[in-house]
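Engineer:
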Amino acid sequence: MLADAAMSYRSAGLCVLPAKRAEKRPAVGAWKRYQKRLPTETELSAWMANGADALCILCGGVSGNTEIIDFDAGGELFAAWWDHVPVDLRERLVVETTPSGGMHLIYRCESAICGNLKLAQRKTDDQVVTLIETRGEGGLFLCAPTMGYILAHGDLADLPVLSEAERDALLQAAWELNEYLPPVMNGPATATATGPTRGQVSRPVAGGVADRPGDDFNARGDVGALLAEHGWVRIKAAAPGSGGNEYWRRPGKASGTSATLKDGVFYVFSSNAAPFEPNRAYAPFAVYALLEHGGDFEQAARALRIDGYGYDDVVESYPGVDISGILAMSFPCDDDHDAEGRLDIVDPGPIPEHLFRVPGLVSAVMDFTLANAPYPNVGLAFCGALALQSYLCGRKVCDPGDLRPNIYLLALASSGTGKDFPRKVNARALFEIGHVAALGDKFASGEGIQDALARTSAMLFQNDEMDGVLRQINLDRENKRESIPNILLTLYTSANDVYPMRVKAGQKEAAHIDQPHLTLFGTATPQYFYESLSQRMLTNGFFARLIIVDIGKRGEGQTPGSARNLPEEILQIARWWGEFQPGSRRANLLEIHPEPRVVPWTTEAEEAFTALQRQTEKEYDDAHERNDEVARVAWSRTHENAKKLALLHACSENHEDPVIALSAVEWATAFAMHQTRRQLFLATSYVAENPFHAECLKVVRKLRDAPGQRLSHSVLLKRMKTKAKDFRDLIETLVQRGEVQIATTPRAGSPVVEYQLAEGAKGG
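Residue 6 is where the sequence shown starts when you use our numbering, and the numbers rise one by one after that.
(1) Taking 8 Å as the threshold (C-beta atoms), are Ala78 and Val133 in contact?
(2) So, helix, strand or coil for Thr262, using DSSP?
(3) Where does Gly439 sit, in a helix, a strand or coil, going by DSSP?
(4) Have a look at Lys485 and Glu452 and give me their C-alpha separation to the nearest angstrom.
(5) What ranges does the alpha helix (DSSP H) occupy inside the stretch 566 to 639, keeping only unbroken runs of at least 4 residues that lie completely in it?
(6) Tell me, which residues are paired with Tyr39 by DSSP?
(7) Identify which residue in Asn183, Gly354, Gly315 and His298 has its Cα closest to the Cα of Val273.
(8) Under the three-state reduction of DSSP, which class applies to Val292: helix, strand or coil?
(9) Assign Val402 to one of three DSSP states: helix, strand, or coil.
(10) List the endpoints of the continuous alpha helix (DSSP H) containing Asn468.
(11) Just tell me which of Lys401, Trp87 and Ala386 has its CA closest to the CA of Glu600.
(12) According to DSSP, simplified to helix, strand and coil, what is Trp253?
(13) Put Glu138 into one of helix, strand or coil per three-state DSSP.
(14) Could you pull the start and end residues of the alpha helix (DSSP H) that Leu397 belongs to?
(15) How is Lys128 classed by DSSP in three states: helix, strand or coil?
(16) Is the beta carbon of Asn250 less than 8 Å from the beta carbon of Pro187?
(17) Tell me the rounded alpha-carbon separation between Gly200 and Met190.
(18) Does the stretch 165 to 174 come close enough to the stretch 20 to 38 to have 3 or more Cβ pairs within less than 8 Å?
(19) Would His660 pass as a contact of Ile575 if the rule is Cβ separation under 8 Å?
(20) Distance, Cα to Cα, Lys258 vs Tyr185?
(21) Taking the straight line between their C-alpha atoms, what separation do you get for Ala784 and Ala264?
(22) Assuming Ser641 and Ala500 make a contact with CB atoms under 8 Å, what is their CB distance in whole Å?
(23) Check whether chain B comes within 8 Å of Thr689, counting only Cβ atoms and requiring the distance to be less than that.
(24) Let me know if Gln455 comes out buried or exposed under the rule of 16 or more other beta-carbons within 10 Å of its beta-carbon.
(25) Quick one, are the C-beta atoms of Ala117 and Gly66 less than 8 Å apart?
(26) Count the other CB atoms within 10 Å of the CB of His235; is the residue buried (16 or more) or exposed (fewer)?
(27) Here's a check: name, in chain order, each residue in its chain whose Cβ is nearer than 7 Å to the Cβ of Gly34, leaving out the five neighbours to either side.
(28) From this set, Arg637, Gly546 and Ile62, which residue's C-alpha is nearest Thr498's C-alpha?
(29) Along the alpha helix (DSSP H) that carries Arg731, what are the first and last residues, could you check?
(30) With three or more C-beta pairs closer than 8 Å as the rule, is the stretch 601 to 619 touching the stretch 661 to 670?
(31) Going by alpha carbons, who is nearest to Ser276 out of Gln304, Gly365 and Gly141?
(32) Give the secondary structure of Ile331 by DSSP, where H, G and I count as helix, E and B as strand, and everything else as coil.
(33) Let me check understanding here. Comparing Cα to Cα, which of Leu7, Arg97 and His644 lies closest to Gly406?
(34) Using a Cβ-Cβ cutoff of less than 8 Å, which residues in the same chain neighbour Ala51 once the five nearest sequence positions on both sides are dropped?
(35) Report the rounded CA-to-CA distance for Pro23 versus Leu43, giving the unit in angstroms.
(36) Glu101 bridges to which residues according to DSSP?
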């Protein structure tokens, strides 16, 4: 029954997954990836065969903008809400009862929906209880025919599609039942909020004027006039003398209510009223800062002071620490470059998950890995699958420019994230096609890499803890390991050439490898890897040739499968590559002197490659003008990396007749550009020129990772684990360099001193 319903829901475009009824969550490891795509019929059938006891549906765009309104507390407000909904609208809704007596109202929307919203709450003693809420983008709900979930009206496989106005009517009916206002926002999001009253005034003075401009504006400002100036419409005034709510409608909305205003507190419940967030209450100063100054509360306070609000009374010291000299320093200028001409690099964040999808073999291997790994992770599964594809087509294909598919992949993953399973999958695939001799594990020296490659001409090295290898290179005073990066670099560029081996003792002449192919799939701990990099490594080309993927935290655990049970679909393609021998030479010579098949570009793909080359050349030229050698080296390889990735995309998508199409180039371009920018950002965050510079970078990282990129003096000092004098030296240097700002917040007694990452150092 559950399996049939699951297939029916999937056919209706709903992202349905098996669930654990007692825990109200999916019974699928790493299930969040299905917020981007529907499960395949094969995946769904396999899951349901395991005897799941519940079904759940993921809300949001993946299910056609599905949203539900969830009535908790035994559905006590359902009847009151139902009476406020137009009859013709409620006849269309799908209604489901839950085991606790609650209700689900389920529908789809014409336009994209927001995340979960709390619509009606009540505070009892110190406990805030949610009575009505939505499940939207990122949310999920258990559904019929799960035990205890019963459809009272309508069909989940035939959901109604509501207009924005109809959805607003449902939400407003719930908002009108709300009995609780959250704490009032009266400063930056990281500041402490006050209770559900008018913005807190720190200290009243003569005439009711507060010491801070924001507090004074809370006391005297006209927030209604401010809202009207920005297009908000008051649709219902409070009754004279009643102290009740005023009702306001956001700009661009023709009907309905978006917020209320009472005693100066502006409560927003609309999910489409930027810059305000839903279910938030705002003091007048917060409204002013968001509408007039884009949320910059410091700038807003300065502007209000000019307009006559507040007065100056700021203490610039605090017990035990003299920071007067630091406070007197200038703050950063508006130039985008530092004193050495280096460009401030914006952090693009980890590679987006949608870029880990490559059609064909790569996706098939990924799906198998994700379904069977004890801790499935999309980034790790992608790296393993792409490395396998790189090895399989090595020495067998090239692009029109004779570029080969050899790649060096590095997955940055912390311990316990499941790094071993993708390697097991690759090892099993090579074993099944008789290529197990081409597998390499850890390498102790560059000479060892040469000797291994001499036996097979093509190899897949799967090396864990690459950061340890690099640290050993840096610490090796006798230069025994220096040959590792040099040989890796030489092999990388020799994939379409003849590689000369070293002359061993007793040999009369050197041996050679014609068109050697080495695929490297390494893993490393993120922080230790970047700390192990040296300035020389960043500029000798090794770093630029690495495709580095930050895989994030460990996936949700699941019952693991075995890497031995590779699907026949994967094995057939792997065998095809193993037997494929392009070229006209006799078979025994093809193993020694291969003639790779040229994978053509389409006209559109070639034009896209040309555009990418121009873009990366401009980045290179800009780096050259700034004398930024690290960026110059990185951008010099981006175009080549993208072409290799596009070649692998084509071979994965159609192994028998690969063609590099525009879609392959667009994917490869997005991937290569993103990872180059990410590498440059992380390199500037970790690679130090001396020990003092390393400590400065550490301060910046601590602030960047903190909420609001801001920490108090005592907290930052503790986290740095350094002496107070050394800490002051670091802060003074960073302030002078324009990377850190100091802020003081007045309070009774001594003010709070905090360190804020300056705008130019935020990295996005």
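All C-beta atoms, glycine included, are put in the ideal place defined by N, C-alpha and C.
Structural biologist: Taking the geometry as given:
(1) Numbered from its first residue, the sequence shown carries residue 133 at position 128. Numbered from its first residue, the sequence shown carries residue 78 at position 73. No; because the gap between Cβ atoms is not below 8 Å, this pair is not in contact.
(2) As a working mapping, residue 262 is identified with position 257 in the sequence shown. DSSP places Thr262 in coil when its eight states are reduced to three.
(3) The count along the sequence shown starts at 1 and reaches residue 439 at position 434. Residue state, collapsed to three classes: coil.
(4) Against the sequence shown, residue 485 aligns to sequence position 480. Against the sequence shown, residue 452 aligns to sequence position 447. With a pLDDT of only 49 at Lys485, under the threshold of 50, the placement of this residue in the model should not be trusted; the figure read from the coordinates follows. Approximately 10 Å, taken between the alpha carbons.
(5) 573 to 584, 592 to 595 and 608 to 631
(6) Translated into the one-based positions of the sequence shown, residue 39 becomes position 34. Its beta-bridge partners do not exist; DSSP assigns none.
(7) Sequence index remark: in the sequence shown, residue 273 carries index 268 (1-based). Ranking Asn183, Gly354, Gly315 and His298 by Cα distance to Val273 puts Asn183 first.
(8) Taking the sequence shown and counting its residues from 1, the one referred to as residue 292 is at position 287. Val292: helix per DSSP, three-state reduction.
(9) Locating residue 402 in the sequence shown gives position 397, where the first residue counts as 1. Here Val402 sits in strand by DSSP.
(10) Reading the sequence shown from its first residue, position 463 is the one you call residue 468. Taken as a continuous stretch (DSSP letters only), Asn468 belongs to no alpha helix (DSSP H), being part of the beta strand (DSSP E) at Ala463 to Asn468.
(11) In the sequence shown, residue 600 corresponds to position 595, counting from 1. Comparing Cα positions, the closest option is Lys401.
(12) Walking along the sequence shown from the start, residue 253 turns up at place 248. Here Trp253 sits in strand by DSSP.
(13) Start at 1 with the first residue of the sequence shown, and residue 138 comes out as number 133. Here Glu138 sits in strand by DSSP.
(14) Residue 397 sits at position 392 when you count from the first residue of the sequence shown. Here the alpha helix (DSSP H) through Leu397 covers Val383 to Leu397.
(15) Counting from one through the sequence shown, the residue named residue 128 turns up at place 123. DSSP places Lys128 in strand when its eight states are reduced to three.
(16) Translated into positions along the sequence shown, residue 250 becomes position 245. Translated into positions along the sequence shown, residue 187 becomes position 182. No, the Cβ-Cβ distance between Asn250 and Pro187 is not below 8 Å.
(17) For the purposes of this step, residue 200 is identified with residue 195 of the sequence shown, where counting begins at 1. For the purposes of this step, residue 190 is identified with residue 185 of the sequence shown, where counting begins at 1. Because Gly200 carries a pLDDT of 45, less than 50, the predicted location of this residue cannot be relied on, and the following value inherits that uncertainty. Between Gly200 and Met190, the C-alpha separation is close to 9 Å.
(18) no
(19) Looking up residue 660 in the sequence shown gives position 655. Looking up residue 575 in the sequence shown gives position 570. For His660 and Ile575, no; Cβs fall outside 8 Å.
(20) Numbered from 1 along the sequence shown, position 253 holds the residue referred to as residue 258. Numbered from 1 along the sequence shown, position 180 holds the residue referred to as residue 185. Rounded to the nearest angstrom, the two C-alpha atoms are 25 Å apart.
(21) Because residue 784 is not part of the residues shown, which for the chain are 6 to 769, the question remains open.
(22) Within the sequence shown, the letter at position 636 stands for residue 641. Within the sequence shown, the letter at position 495 stands for residue 500. Not confirmed; about 18 Å, so no contact.
(23) Checking the listed chains, one finds no chain B in this structure; it contains a single protein chain.
(24) Taking the first residue of the sequence shown as position 1, residue 455 is located at position 450. So Gln455 ends up on the buried side.
(25) One-based indexing of the sequence shown puts residue 117 at position 112. One-based indexing of the sequence shown puts residue 66 at position 61. Yes, they are a contact pair.
(26) Counting from one through the sequence shown, the residue named residue 235 turns up at place 230. The residue is exposed, with fewer than 16 neighbouring Cβ atoms inside 10 Å.
(27) Translated into the one-based positions of the sequence shown, residue 34 becomes position 29. Cβ within range, chain order: Pro381, Gly560, Glu561, Gly562 and Gln563.
(28) For the purposes of this step, residue 498 is taken as the residue at position 493 of the sequence shown. Minimum Cα distance to Thr498 is reached at Gly546.
(29) In the sequence shown, counting from the first residue as 1, residue 731 sits at position 726. Going by the sequence as given, residue 731 is Asp instead of Arg. Ala729 to Gln741 is the extent of the alpha helix (DSSP H) around Asp731.
(30) yes
(31) The residue you call residue 276 lines up with position 271 of the sequence shown. Minimum Cα distance to Ser276 is reached at Gly141.
(32) As a first step, residue 331 is located in the sequence shown; it is residue number 326 there, counting from the start. For Ile331, the predicted model reports a pLDDT of 33, less than 50, meaning its position is unreliable and no value from the coordinates is stated.
(33) Counted from its first residue, the sequence shown places residue 406 at position 401. If we check each option's Cα against that of Gly406, His644 comes out closest.
(34) For the purposes of this step, residue 51 is taken as residue 46 along the sequence shown, with counting starting at 1. Around Ala51: Ala376.
(35) Within the sequence shown, the letter at position 18 stands for residue 23. Within the sequence shown, the letter at position 38 stands for residue 43. Pro23 and Leu43: Cα-Cα distance of roughly 13 Å.
(36) Residue 101 sits at position 96 when you count from the first residue of the sequence shown. DSSP, once it has assigned bridges, lists His109 and Leu156 as partnering Glu101.
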